[in-house]
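**Q** When we follow this note's numbering, the leftmost residue of the sequence shown carries the number 5, and every step to the right adds one.
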Amino acid sequence: MIQYFKDVWEGFWTVLVGMKITWRHLFTQKVTLQYPEEKWQLPPKSRMRLFMAYEDCIGCGQCARACPVQCIYIKAEKRDSKATPIFAANGQPIKLDVSVFDIDMSLCCYCNLCTYPCPTNCIYMTPEYEFATTDLTQQLYHFAKTGAKFLTVNPKAAAKPAAPAAPAAPAAPAAPKATPPAGGTPPAPAAPTGGAPPAPAAPSGSAPPAPAGA
Ligand code: SF4
Ligand code: SF4
């Protein structure tokens, strides 16, 4: 009989111990977010979905060689030497035609190693993390697009220091203060126009388009 009451008490006590944490959290501030209506503020260097600005890719393949899981597939061929020269946004000439640039995000381990060797910084990780799918083929992103816009003016050359400004035009003789000429104030001399060349066109790769396979 005594053993019976002892077992009952131990069972009751075990429940109390198990509920200890539950009771404590009843009176503390809640940290659960109602996802997807509420979302965490991610750290600035979060590593999520990869993106590649195709129009800045020179096809060097360094990103694919750095990838530890070999999930970047590139196919590139030499461009026609007579074709119009095209350049990446940082001025690197694009000498290869990249016909295939695929990233299999279902294999990617988000190590970020592919972004470091890229000479044009055109492959990078975005803060986008909501790209789960039930079909793994949807995780194979095709970045090589036929409609990509390329820079045909080297932005690196345009970024060089401007040529020295032309000597200033001789100052116009000051009009007599006491007796201004009839018809009002003489027109001001035109500003010198021999200074810096016109600003280059803004690089077209700044706003990344959505991945084709997304
Ligand atoms: S983040 Fe890492 S695993 Fe993913 S593609 Fe780049 S190098 Fe490969
Ligand atoms: S390292 Fe950069 S430029 Fe070279 S193939 Fe990869 S994405 Fe293109």
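Built from N, CA and C at the ideal position, the CB exists for glycine as well.
1. Please specify which runs of the alpha helix (DSSP H), each continuous and at least 4 residues long, are wholly inside the stretch 136–166, giving them in chain order.
2. Per DSSP, which one or two residues make a beta bridge with Val104?
3. State yes or no: is the C-beta of Thr124 nearer than 6 angstroms to some heavy atom of ligand 2?
4. The alpha helix (DSSP H) spanning Leu20 covers which residue range?
5. Classify Asp11: buried if its beta carbon has 16 or more other beta carbons within 10 angstroms, exposed otherwise.
6. Out of Thr150, Pro123, Met109, which has the shortest C-alpha to C-alpha gap to Thr141?
7. Under the DSSP definition of a beta bridge, which residues are partnered with Leu54?
8. To the nearest angstrom, report how far apart Thr156 and Thr36 are at their CA atoms.
9. Hey, quick one: how far does the alpha helix (DSSP H) through Gln66 stretch, first residue to last?
10. If distances are taken between C-alpha atoms only, which option among Asn116, Leu30, Asp60 comes closest to Lys153?
11. Output the distance between the C-alpha atoms of Ala70 and Cys112, rounded to the nearest integer angstrom.
12. Just to check my reading of the structure: Ala148 and Phe91 have Cβ atoms closer than 8 angstroms, yes? What is that Cβ distance to the nearest angstrom?
13. Count the other C-beta atoms from every protein chain shown that fall within 10 angstroms of the C-beta of Arg53, then say buried if there are 16 or more, exposed otherwise.
**A** By the coordinates alone:
1. 159–162
2. Lys79
3. For ligand 2, at least one heavy atom lies less than 6 angstroms from the Cβ of Thr124.
4. 6–22
5. exposed
6. Of Thr150, Pro123, Met109, the residue nearest in Cα terms is Met109.
7. Met129
8. When only Cα atoms are considered, Thr156 and Thr36 end up about 51 angstroms apart.
9. 66–70
10. Asp60
11. One Cα belongs to Ala70, the other to Cys112, and the distance between them is close to 12 angstroms.
12. About 18 angstroms; that fails the 8 angstroms criterion.
13. Classification of Arg53: buried, given that the 10 Å Cβ count is 16 or more.
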